[in-house]
Every structure is written in C-alpha cells, then in structure tokens.
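Chains as they are written, first to last, in our numbering: chain A, 1 to 468; chain B, 1001 to 1060.
For glycine and all other residues, C-beta sits at the position ideal for the given N, C-alpha and C.
Note that the structure is a prediction, hence the values are computed from the model and not measured.
Report on one structure; see the data block that follows.
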Amino acid sequence: MALVTPPHVDTAWATAAEIASAVAGGQVSAAAVVDNALARMTRVNPRLNAFTAFTEERARARARAIDASRNKAEMPLAGVPFAVKNLFDIEGLATLAGSKINRANAPAKHDSPLIERLEAAGAVLVGALNMGEYAYDFTGENIHDGPSRNPHDLARMTGGSSGGSGGAVAGGLVPLALGSDTNGSIRVPSSLCGIFGLKPTYGRLSRARSFPFVASLDHLGPFARSVRDLAICYDAMQGPDPTDPACAQRPAEPVSAQLERGIRGLRIAVAGGYFRKGAFAEALVAVDRVAIALNARDEIDIPEVHRARSAAYVITATEGAALHIDRLRNRARDFDPAVRDRLIAGAMVPAALVNKAQIFRRWYRDRALELFERWDALIAPATPCTAPAIGEQTISLDGVRMPLRPNLGIYTQPISFIGLPVVAVPVSLKPLPIGVQIITAPWREDIALRIGRALEQMGAVEAPRPRL
Amino acid sequence: MIDKPLEEFVEAAAAALGLPLEPEWKAAVAANLDVTLKHANTVAGFRLPDDAEPAPVFKA
C-alpha cells in the first residue's frame, strides 16, 4: 500500500471540498487519498464498527482512473472517499440491509444510481456501512454485526438506523456517507454523532436499487462534517430517475452556489409545544442556541403534530410488515427478535386504521404548508437527548419511562411523515454533541442549507472532532 | 401488562394470517400491537370529513 501523506491535506479530517480541490489541482493524487482512507479505516474501524465491508479493489481502481482523467479539474468530488449504508446496492455485494437473511441473496448486479452519480462526480466508494436491521431502528445497534459505536464515546450509541454512516463520518473515516431516513434514520445519527445530515424532500433523490423499508416514507440522503460538503454531495445526486416511481420529475436545482447568500429576510420560527415536551435539557439548550444565533424569537405550534407521529408509527409498522411478511412466515427465527416482534404486530393492525393514518397525512400536510406561507424555516430538536449508552433499553421522556428504540425519533418522525426537507446541524455541547433540525417547505433544501451554512459561519454549529 | 383479550387476538391473528408465533414471542408481539393500536386510535380519534382523501402515494 502506497502510504503517501499529502503535504497540505489531512485526508482524515479534511472536508470533501478540500480534498476535491487538492486532487483537482494536482497537490495530491486520488490514489494517495484513497490509500490513506483505507489505512485509517483498517486501523480505526475495529473500534467504531462502522463498516461491514471495504471495497478496496474497486476504490483503488477508481482512484487511478480519476488520476488519469483529463477531466478531474471539473469533478466536484474528485478523489473524495465515501461509503454507503449497506442497504444501497453495490455491484458484486449482497445488499444486507443490516439483516442475516439477505446475506444469502445474489450479489447486486449494478450500483445504486446515487453511487453512480457520486462516482461520476469523482467520488470513490470505499465500503458499506453498518445499520439497524432492515432500518427498523433508531439506536445503530445490530444483533448480527454488533453495534455501531459513537466516536465521541465508544460505549455509546451512534443512533440509527444509519449508525455506521454517522460513526464513519464523525470518526474521520470518510468525509461523506449516504444513509436512509424513513422516520429519522439520517437525523438521529447526525444528532448523536455530532455531524451534519440532509434528509431531502420526499421524492427528491432516487431510491432505486436500495433495499426499502416503508415505500411511502423512505428517503435517501447524505452525511458530512460541513454544510458545503452536504450541498456538493446533494447536488451531485439530484435529478429525476424513472426507475424510482416516487422520484419527482423535477430538474436538478443545485444549491452549492447559493450557500453564502445568508439568512437576511428569512422568517424563522421555533417549533414549540410537542417539541419542547419530553426533551432533555441539552436538547433545549441546543435549540435555544440556534434560535438565538438566528434571532428566531417566535415560537409556533405545528397542528396535531402528536397525531402525525402516531400516524407515521402506524404506517411504518404496517407497510414494514407488508414488505417482510413472507420472510416472517419463512425465516422468523433469523430476524433480530426486536424487529421481528414489531413486524409481526404490524401485520395484525386492521387496514381501516391504516387508511385513517393516510387520510390524516394529507390533512396534516395541508396544515404544514399553510405554516410555510408565513415562515421560511422552523427549528426543532433532532433527538430528545444526547447519545445513550449502548444496550440501554428505556428512556424517560416527560417523566414517563418508555422503550428507547422507537422513541429516539419522536421529533424527527412527524416531519419526514410529510416529506419536508431537513438539515440536521450539530451543536457541540460537552461532553456530547446533539443536533437541531432546520425544517423548510417542500423542495426548499436551499433555504435549510443556507441557514446551516450561516450557523456554521457564526460558530453556532460545528462537527466536533473526537479523540480516537 | 397486556390484556388477555389482546393476547388472544394475537394468537388468533397469527393462526389466521399464517404467521409464526412461538409462545415466548407472544407477550412482546402483544405489547407492540398494543402500542401500535394506541397510536392508530390517536389518529382515528381525529374527526375528518368523509370526503377527506388519503395520501397513499405522497406528493410533497
């Protein structure tokens, strides 16, 4: 392995933008960046358990191709290593989706379109990442592969279900990762690991060739340690895809060039009521810090938000059960028992109640859209608490002790329920970071990212560097 | 503590739907169903007009 340490680029902690600039400008080779990333992954991953597979061979070949390319100066992600939650198809690997059962599946014939688009922009796939089984999880624990570990405290959870994505980015193994978010699985690990995450509008990014969970709620999106990196990655993945029926027929709307436009004139409010109830002090401190930085003085209530969370819960349980019902019938013992019991229960919910949840969904969407006539963005906590200890089973919210696994997502679930775009931004509290959601109207990722960038420039949010 | 009728429902539903249900799974499945039904009833308790349309394929 050619371990060339580039003179000006610390590739473990450099941003994707810095790496791409150095590779495009010839200060460092993509091959050296990728070699360094693979070496660090080999050294650090045994502690973080973020990866379930390294793709060294293809990564090195891809890096060599970038170095040989005459177009590398035009590649916005030239030589940038990235990794994906193991529910994305990677050519030649079985798509695990965190399960034991899928290990027997045939290897994927093609990469997912989001991998293809990132690689077309010069990025280099270096591996697949750990996740909660079939994405039905907020902890980042996995009974088959072991838990993803939080780089800020290895005894604590990363959050899930995109736990490996959170750990790999926060731990400096890769500057970019992809994950999925059905009810909060990008925003929860972003919060607990202290990094930035983008859950775009439902239908913005193609989900083709990724293993689904709840088709009517599933989103894919990126993690990074800076807002600019999120934006570059997001821009590279945009655009319609007829192979995902939910993917909108909208042209790409690039945001990178708009990041520095600032927040002047934007109307920003804090989501109160439900979002302050049950939150631990640190979650409220983080929201207040962001609100003060943005001069967001008004507090609003999202109508019936608790019912939105309930409706998302019901649709998740039942659509998830529908997806897995044959596996439940034939392979029930091969599931994580916690996932199996939830899915079996989901199969027993009367359809009449599920339809009520879908009817409510449209009503609630309309109320939320009314709110965005008055406000450009809403601020809310991403999680009720900082990272719990691995193995913790319960959490006390508003004085009531309840199961941890489904309840880490109480603040994310009612937002993804209607597909609103969210940037999760990290507030670097001690000893552990925690995230805040910047929520905007459908298709206004640009505003959420601009606000995130402004907060970053003010020093109100940052991805803290762990001691590893 | 889960009501006996719900545990009985779980048992009957598993048989009717052809779902496996080991005796040691029953309590956890019933507990999960109990939570899910409470959420479902939270939603169903919100009155909407008969012509309110569902959003099975959501468009933002």
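Considering only A:V349, A:P147 and A:G140, the residue with the shortest C-alpha distance to S180 of chain A is A:G140.
Within chain A, the residues I359 and R362 have their CB atoms less than 8 Å from the CB of E1053 of chain B, given in chain order. For D153 of chain A, the enclosing beta strand (DSSP E) begins and ends at D153 to M157. Counted as a single uninterrupted DSSP element, the alpha helix (DSSP H) harbouring M41 of chain A occupies residues A30 to L48. Annotation: the region 68-127 of chain A contains the following complete segments of the alpha helix (DSSP H) (minimum length 4 residues), in chain order: 113-120. Under the three-state reduction of DSSP, S206 of chain A is assigned to coil, being neither helix nor strand.
Rounded to whole angstroms, the Cβ separation of S428 of chain A and E462 of chain A is 5 Å, and the two are in contact under 8 Å. Listed as beta-bridge partners of N150 of chain A by DSSP are A:D153.
Going by beta carbons, V28 of chain A and P81 of chain A fall outside the 8 Å limit.
Residue contact check for P1005 of chain B against chain A: no CB pair falls below 8 Å.
Contacts between G132 of chain A and chain B, judged by CB atoms closer than 8 Å, are missing: the closest CB pair is about 16 Å apart. Listed in chain order, the positions of the region 345-356 of chain A with a beta carbon within less than 9 Å of a beta carbon of chain B are A345, G346, A347, M348, V349, P350, A352, L353, V354, N355 and K356.
Chain-order list of chain B residues neighbouring R374 of chain A: empty, with the shortest C-beta distance near 18 Å, by a criterion of under 9 Å. In the three-state reduction of the DSSP assignment, G221 of chain A falls in the strand class, which pools E and B. Around the beta carbon of Q413 of chain A, 16 or more other beta carbons sit within 10 angstroms, so the residue counts as buried. From the beta-carbon of A1015 of chain B, no residue of chain A is found nearer than 7 Å; the closest lies around 11 Å away. Residue environment for S161 of chain A: buried (at least 16 other C-beta atoms within 10 angstroms of its C-beta). The beta carbon of P1023 of chain B sits no closer than 8 Å to any beta carbon of chain A. DSSP places E141 of chain A in the coil class of the three-state scheme, outside both helix and strand. A Cβ-Cβ contact shorter than 8 Å links P240 of chain A with A248 of chain A. Spatial neighbours of T316 of chain A in its own chain (CB-CB distance under 7 Å, excluding positions within 5 residues in sequence) are listed in chain order as T182, N183, V214 and L217. The criterion of a C-beta distance shorter than 8 Å is satisfied by L129 of chain A and K85 of chain A. Against chain B, the beta carbon of L328 of chain A has neighbours under 8 Å at L1019 and P1020, listed in chain order.
In the structure shown, R401 of chain A falls within a strand segment according to DSSP collapsed to helix, strand and coil.
For V34 of chain A and Y134 of chain A, the gap between their C-alpha atoms comes out near 29 Å.
With contacts defined by Cβ atoms closer than 8 Å, P222 of chain A and L176 of chain A form a contacting pair.
A straight line joining the alpha-carbon of S256 of chain A with that of L220 of chain A spans about 19 Å.
The three-state reading of DSSP puts I195 of chain A in coil, since its state is none of H, G, I, E or B. Per DSSP, D229 of chain A is one residue of the alpha helix (DSSP H) stretching across V227 to M237. By alpha-carbon distance to K1004 of chain B, the top candidate from B:F1046, B:N1032 and B:A1027 is B:A1027.
DSSP, reduced to helix, strand and coil, places A14 of chain A outside both helices and strands of the structure shown, so it counts as coil.
With respect to the C-alpha of A120 of chain A, the residue from A:G163, A:E74 and A:H144 having the closest C-alpha is A:E74.
With a threshold of 8 Å between beta carbons, D398 of chain A makes no contact with chain B.
Closest in C-alpha terms to G1045 of chain B, from the list A:V188, A:A311 and A:G265, comes A:A311.
For V314 of chain A, the neighbours in chain B by C-beta distance under 8 Å run, in chain order, T1036, H1039, A1040 and V1043. Contacts between D341 of chain A and chain B, judged by CB atoms closer than 7 Å, involve W1025, A1028, V1029 and N1032 in chain order.
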